[in-house]
Amino acid sequence: MNYRDRITIEAGKRSGKPCIRGMRITVYDVLSYLASGMTYQEVLEDFPYLTQEDIFACLAYAADREQQTLLIQA
Numbered sequence: 356m357n358y359r360d361r362i363t364i365e366a367g368k369r370s371g372k373p374c375i376r377g378m379r380i381t382v383y384d385v386l387s388y389l390a391s392g393m394t395y396q397e398v399l400e401d402f403p404y405l406t407q408e409d410i411f412a413c414l415a416y417a418a419d420r421e422q423q424t425l426l427i428q429a
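Here it is, written out as structure tokens:
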């Protein structure tokens, strides 16, 4: 999944947080719904303008960010 076509970052939108296709719903929003126990189908029903590919893009984005995390010990 190439999330770069779906995840956008704009300085003036949602304080520069990563959003889905330029809309005002953030990657964090979608991930928090999934983490709270909602299924992807429930998310899609609550937000009909989202697609399954949008949810997969959020997961791919989070996986990529996790892989790039750097731990610095003091």
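Take the sequence shown: its letter number 26 is residue 381 in my numbering, and every next letter is one higher. Heads up, the beta-carbon is just placed ideally off N, CA and C, and yes, glycines get one too.
{"Query": "From the DSSP output, which residues share a beta bridge with C374?", "Result": "T363 and T381"}
{"Query": "Kindly indicate which three-state DSSP category Q422 falls into: helix, strand or coil?", "Result": "helix"}
{"Query": "Judging by CA-CA distance, which residue of F411, I380 and Y416 is the nearest neighbour of D401?", "Result": "I380"}
{"Query": "Who are the Cβ neighbours of M378 in its own chain at under 8 Å, not counting the five residues just before and after it?", "Result": "Y404"}
{"Query": "First and last residue of the alpha helix (DSSP H) that includes Y395?", "Result": "Y395 to D401"}
{"Query": "Evaluate D409 with the Cβ neighbour count: other Cβ atoms within 10 Å of its Cβ, from every protein chain shown; 16 or more gives buried, anything less gives exposed.", "Result": "buried"}
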